[in-house]
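Participant: Heads up, the sequence shown is in the numbering used here, so the first residue is 49 and it goes up one at a time. All C-beta atoms, glycine included, are put in the ideal place defined by N, C-alpha and C.
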Amino acid sequence: MKISTIASAVLAWTGWHRSAAQPRGRIIRLSEDDKDTPGLVRFLSQAIELADGAKQSWVTVTRTGEFTDPRYGKFKITLAMLQEMVRNFEGRTLGQDVFLDVAHRHSDGAAAKFLQLKVENGKLRALVEWTPFGTDAVRTRGFVYLSAEFHEQFTDNEKGAAHGCVLLGAGLTTRPVIKHLDPVVLSFDDNDHDTPVRVAISTQLLRELTESSMDNFLKLLSDALIALGFSDTTAKPLLDAAKPQLEAVKTDETKALAVVESYKAAGATALAQVKALGADPKTVTIQLSAPTPTVDVAGEVAKQLAQREADAATAKATLAGRLKLLSDKLGEDKTLTPEGVVKLAAEVAPMVLANSTDEQIAALATMQLAHWNQLSAATKLASLGFNPVGGSVHISVDGGNSIKALQAEIDKRLGMTSETDARRFAKTGGKLLPENKAFAEKALAQFDGLHGGQLDAEHKALAAGTGNISDVRVPVIAERTVLREALYNLTSLNFVNVGTAPYANVITIPYSYRDTSAAGVNALRRYESQGIRRAGVIQTHEEARPIPQKLAMRISAEMQLLMSASIIDWDPLAENVRNIIRIVGEDTEAINMNEIVNASDEYAVTAIADTLTAQVNGTNSVFVTTKFPVVRPRKVYDLQGTQVGSTVNPLVITLNSVARSEYQLPADGSALPSGLYYIMDYNLGEFRFVSELGAPVVPTNGWALTVAGFATTNAVKFDTDAVTDEKIGDRYDRLLTAIGGRKVVVGTDRFYNPDMVLMSGAVDNALSQATSFTANGARNGTGLNSDGSVGTTKGLATWNPTAPGLQLADTRIIVGERGNTRFRMVKPFAMNPIEQARDSNGNFTDQREAFGTQFVLSHTPTQLKAATSSIIVYSATGRAARAG
């Protein structure tokens, strides 16, 4: 079933849920009405698919911006307001579930229930679960807009506490004010990996199962087992056992589905048995004694667990014997006291394994005794006044014993050990990727080397009990956790070349590239006495500068008292740690992803020299360049914040004979000087003017407007405007062809190996409508993931990076070879000592404050910028000078 809808949302401020102490607020419903807005104009933005049986979908509730309504004047929605809505929703500040109704008539019943909120690229996104009443309102009654209701400064009526911006609910309506939002999509798009997989057997699915092979039934069973809690590995024995039975009945869908349900029930029984025995179902291997669902799977699991416990007991006893042998060997040295033997044995005990040989144990004891004798001799010499000739005493940290134990303890106290992988690694597909783990270990080794003494001291403190922090100092292990978790969740680590580098003002980046003008295949035929040409591989280097990442935090007096108590209250500390992890991770993600986009644009540029005075008519507020995408100017700064060298690919926009600066708030939080500034959409080449406060400004009619800059030629443009009689699936098939074309350019023409496609979730959602993703139009090398997102495009793995400020936006697709941008951890994140806070007058505020720093480097060598290309997704009719 298909239905057309318009992407938009409506804002309503209301004063309900008001306490006696709370001031009465205006009720402002920004749904348009014909009598209030003569000359009402409606427009169709997109046709959407409405799947049969759909229950949940992600919708856009509202977005940031400044808006004007003739009845109420100007109002603003900020990113901070959206984040407060998410925080208050997750904390259930309202004290009840939040619902979506029809036409703001709460008494008519709920159209949907809000399950989850999040902020993406300046938009408030919501996962909602639809009721039949809601889907009917959209399908048959024309309620195709979303109207949100929230309170700017909500105060609860129980404690009178102020909570900031709170989402109160939403309603389906027919006339919106706020434009340019995503469509209300009723198709199922479940991005929440904690939600169980729902398998609906529809008439269409049964027909497809009948017409296809048993692989569909195996896939159906596999999805069901994964949903129960099995992993791919632990589900395999059940799938292998079901396979011959499905082969026998594949022409009878009723029998085949019965087999699937039988094995699904057997899996559920086994899962219950595994959990009852306290084992992890993702690690227990189930072995069936016969390929039949009547086998006592639970009994087999219990038998294996019992055998595992017996093996563990045997290994434990064997290890105890090996450790006793070690103590006996050390005890042969009669100069050691019994306490000394125990101490030396404990230091090397982790190196002893159950299968260690007698010879290995003896060698380990000899090495430990030699080390002890050298240390004893040095101690005696020092007592006699003889100091070592050179060297220095330091703590050596290998990431082993004490640090591992300390990290395990902090993970437990911060609640990370009980957190599911789907939630903890949500940004990387619900699992820890090998690339992220490998780089995190390198960065942690660098961190441990810098903070070894403090980590060792914290381990000893926690080993003696729960510990305390009398000076409200942030534990170093918490900083280590910030670094680790931020790196674990960086999607961009899969697209860049990663490593560590020593801290310096300028860092040298060595690299090599292929000179295509040098010897190639045809130049290899060189005969006797003929000169042999050199291969076209050039080794060189470039210089790059570190990028600072600094984040401050403030601790209240109440927080101070909690943390200085005899037992640490880890809840507020965990909250601070998680916030720092998120913010540092998002900034690092944006640095890497934006570097990939900018480097791709810089590969091939052409000049822009536009005179756009004709577009300045006193009405237009959006202006367009003749060429796009516009290359973003590149500026390099040293560690003091001083620009180094000239701006590369500068952009100069002149209005009324005055060169205007780009609107960028100062990093120190100060205000911009009074004047007009420009905001540029570099992907589309659209720009507008704003005041120093960010308020939109319409230039005076006839003012001269010129643009001088650069546009990239390393991109193709895809027009989303429909061709005559073109179906939406065919339109996005054209986009797939464009992606394939960029793959050919990067791979065949430039001799790189394209292996990635990067796009936003919104572009991914639109592209998934291509006919090539349907069962009848499926093509090799192109397919969807289990959640409906694009998994493979033209044989290339497809990713949806998410972080605030990504220049990919919803209009660009990157195609190319990963690993050419160099990302280096120069100085891992660490907090400075906490100090007393003061106000603007220099008075103490009974608060403590501190800041953390991290330095990274993200640089693409000049000769490697050809490894990527891009596609701009835009509307040719929509890209025009206009008021808006």
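Considering residue 284, what are the terminal residues of the alpha helix (DSSP H) in which it resides?
Facilitator: In the sequence shown, counting from the first residue as 1, residue 284 sits at position 236. First-last of the alpha helix (DSSP H) with residue 284: 280-296.
Participant: Considering only DSSP beta bridges, list what residue 544 is partnered with.
Facilitator: Numbered from 1 along the sequence shown, position 496 holds the residue referred to as residue 544. Per DSSP, 869.
Participant: Run through the DSSP bridge pairs and tell me what residue 682 is partnered with.
Facilitator: In the sequence shown, the residue the question calls residue 682 occupies position 634. For residue 682, which the question treats as bridged, DSSP gives the partners 696.
Participant: Going by C-alpha to C-alpha distance, which of 922, 416, 683 sits closest to residue 697?
Facilitator: Mapped onto the sequence shown, residue 697 falls at position 649. Answer by Cα proximity: 683.
Participant: Is the shortest distance between the beta-carbon of residue 491 and the beta-carbons of chain B less than 8 angstroms?
Facilitator: The structure shown has no chain B; it contains just one protein chain.
Participant: Just the Cα atoms here: how many angstroms apart are residue 912 and residue 799?
Facilitator: On the sequence shown, position 864 is the one that residue 912 refers to. On the sequence shown, position 751 is the one that residue 799 refers to. Using only the alpha carbons, I get a separation of about 11 angstroms.
Participant: Taking the Cβ atom as the reference point for each residue, do residue 14 and residue 916 lie within a distance shorter than 8 angstroms?
Facilitator: Beyond the ends of the chain as shown, which are 49 and 932, falls residue 14; an answer cannot be given.
Participant: Between the C-alpha atoms of residue 931 and residue 736, what's the straight-line distance to the nearest angstrom?
Facilitator: Here residue 931 refers to the residue found at position 883 when the sequence shown is read from its first residue. Here residue 736 refers to the residue found at position 688 when the sequence shown is read from its first residue. The straight-line gap from Cα to Cα measures roughly 10 angstroms.
Participant: In the structure shown, what three-state DSSP assignment does residue 639 receive?
Facilitator: Within the sequence shown, the letter at position 591 stands for residue 639. Correct three-state label for residue 639: helix.
Participant: For residue 796, does the three-state DSSP call read helix, strand or coil?
Facilitator: Residue 796 sits at position 748 when you count from the first residue of the sequence shown. The answer is helix: DSSP assigns residue 796 an H, G or I state.
Participant: Please report the residue range of the beta strand (DSSP E) in which residue 754 lies.
Facilitator: For the purposes of this step, residue 754 is taken as residue 706 along the sequence shown, with counting starting at 1. 753-760 is the extent of the beta strand (DSSP E) around residue 754.
Participant: By Cβ distance, which residues of its chain are closer than 8 angstroms to residue 924, with the 5 residues on each side in sequence left out?
Facilitator: As a first step, residue 924 is located in the sequence shown; it is residue number 876 there, counting from the start. Excluding sequence neighbours, residue 924 sits near 767, 769.
Participant: Name the residue from 646, 315, 176 whose alpha carbon lies nearest to the alpha carbon of residue 276.
Facilitator: As a working note, residue 276 is residue 228 in the sequence shown. Residue 315 is the option with its Cα nearest to residue 276.
Participant: Taking only the alpha-carbon atoms, compute the straight-line gap between residue 211 and residue 714 and give it to the nearest angstrom.
Facilitator: Within the sequence shown, the letter at position 163 stands for residue 211. Within the sequence shown, the letter at position 666 stands for residue 714. Near 29 angstroms, if we compare the C-alpha coordinates of residue 714 and residue 211.
Participant: Within this structure, are the beta carbons of residue 374 and residue 319 separated by less than 8 angstroms?
Facilitator: To locate residue 374, count along the sequence shown from 1; it is residue 326. To locate residue 319, count along the sequence shown from 1; it is residue 271. The answer is no: Cβ separation not under 8 angstroms.
Participant: Run through the DSSP bridge pairs and tell me what residue 892 is partnered with.
Facilitator: Your numbering for residue 892 matches position 844 in the sequence shown. Per DSSP, 886.
Participant: For residue 536, report the span of its beta strand (DSSP E) as first-last.
Facilitator: Along the sequence shown, read from residue 1 onward, the residue named residue 536 stands at position 488. Run containing residue 536: none in the beta strand (DSSP E); it sits in the alpha helix (DSSP H), 524-536.
Participant: Below 8 angstroms, how does it come out for the segment 879-898 and the segment 853-870: are there three or more Cβ pairs, yes or no?
Facilitator: They do not touch, by the three-pair rule.
Participant: Report the partner residues of residue 178 according to the DSSP bridge assignment.
Facilitator: Indexing the sequence shown from 1 puts residue 178 at position 130. Looking at the DSSP assignment, residue 178 forms a beta bridge with 160.
Participant: Looking only at DSSP bridge pairs, what is residue 917 linked to?
Facilitator: Reading the sequence shown from its first residue, position 869 is the one you call residue 917. BP columns for residue 917 point to 863.
Participant: Which residues share a DSSP beta bridge with residue 148?
Facilitator: Along the sequence shown, read from residue 1 onward, the residue named residue 148 stands at position 100. 160, 218.
Participant: Smallest Cα separation from residue 724: which of 405, 746, 563?
Facilitator: The count along the sequence shown starts at 1 and reaches residue 724 at position 676. Out of 405, 746, 563, 746 has the C-alpha closest to the C-alpha of residue 724.
Participant: With distances taken between CB atoms, is the gap from residue 220 to residue 322 smaller than 8 angstroms?
Facilitator: Start at 1 with the first residue of the sequence shown, and residue 220 comes out as number 172. Start at 1 with the first residue of the sequence shown, and residue 322 comes out as number 274. Cβ distance not < 8 angstroms, so residue 220 and residue 322 don't count as in contact.
Participant: I think residue 537 touches residue 475, with their Cβ atoms under 8 angstroms apart; what is that distance to the nearest whole Å?
Facilitator: As a working note, residue 537 is residue 489 in the sequence shown. As a working note, residue 475 is residue 427 in the sequence shown. The pair is a contact, with the Cβ atoms about 4 angstroms apart (cut-off 8 angstroms).
Participant: Considering Cα atoms alone, identify which of 360, 417, 410, 727 is closest to residue 388.
Facilitator: As a first step, residue 388 must be located in the sequence shown, where it is residue number 340. Closest option to residue 388, Cα to Cα, is 417.
Participant: For a test of the three-state rule: what should DSSP assign to residue 399, helix, strand or coil?
Facilitator: Position 351 of the sequence shown, counted from the first residue, corresponds to residue 399. It is helical.
Participant: Considering only their Cβ atoms, is the gap separating residue 214 from residue 136 smaller than 8 angstroms?
Facilitator: Stepping through the sequence shown from its first residue, residue 136 is reached at position 88. Stepping through the sequence shown from its first residue, residue 214 is reached at position 166. Yes; because the gap between Cβ atoms is below 8 angstroms, this pair is in contact.
Participant: With 16 other CB atoms within 10 Å as the buried threshold, where does residue 678 fall?
Facilitator: Start at 1 with the first residue of the sequence shown, and residue 678 comes out as number 630. Looking at its Cβ environment, which holds 16 or more other Cβ atoms inside 10 Å, residue 678 is buried.
Participant: Identify whether residue 600 lies in helix, strand or coil by the three-state DSSP scheme.
Facilitator: The count along the sequence shown starts at 1 and reaches residue 600 at position 552. Looking at residue 600 - three-state DSSP - the assignment turns out to be strand.
Participant: Would you list the one or two residues that DSSP bridges to residue 363?
Facilitator: Looking up residue 363 in the sequence shown gives position 315. For residue 363, which the question treats as bridged, DSSP gives no partner whatsoever.
Participant: Per the contact definition of three or more C-beta pairs closer than 8 angstroms, is the segment 835-851 in contact with the segment 900-907?
Facilitator: Because the criterion of three Cβ pairs below 8 angstroms is not met, the segment 900-907 and the segment 835-851 do not touch.
Participant: Output needed for residue 133: all residues of its chain with C-beta closer than 7 angstroms, excluding positions within five of it in sequence on either side, in chain order.
Facilitator: For the purposes of this step, residue 133 is taken as residue 85 along the sequence shown, with counting starting at 1. Only 165, 172, 198, 213, 214, 215 meet the Cβ criterion.
Participant: Out of 596, 666, 590, 362, which has the shortest C-alpha to C-alpha gap to residue 561?
Facilitator: For the purposes of this step, residue 561 is taken as the residue at position 513 of the sequence shown. If we check each option's Cα against that of residue 561, 590 comes out closest.
Participant: Report yes if the CB atom of residue 673 is closer than 8 angstroms to the CB atom of residue 649, and no otherwise.
Facilitator: If you number the sequence shown from 1, residue 673 lands on position 625. If you number the sequence shown from 1, residue 649 lands on position 601. Their beta carbons are not under 8 angstroms apart, which means residue 673 does not touch residue 649 by this criterion.
Participant: Helix, strand or coil: which one does DSSP assign to residue 259?
Facilitator: The residue you call residue 259 lines up with position 211 of the sequence shown. Confidence at residue 259 is low in this model, with a pLDDT of 44, below 50, so its placement is unreliable and the value that follows should be read with caution. Of the three classes helix, strand and coil, the one that applies to residue 259 here is helix, per DSSP.
Participant: Enumerate in chain order the residues of its own chain whose CB-to-CB distance from residue 156 is below 7 angstroms, with the five nearest sequence positions on each side excluded.
Facilitator: Your numbering for residue 156 matches position 108 in the sequence shown. 149, 150, listed in sequence order.
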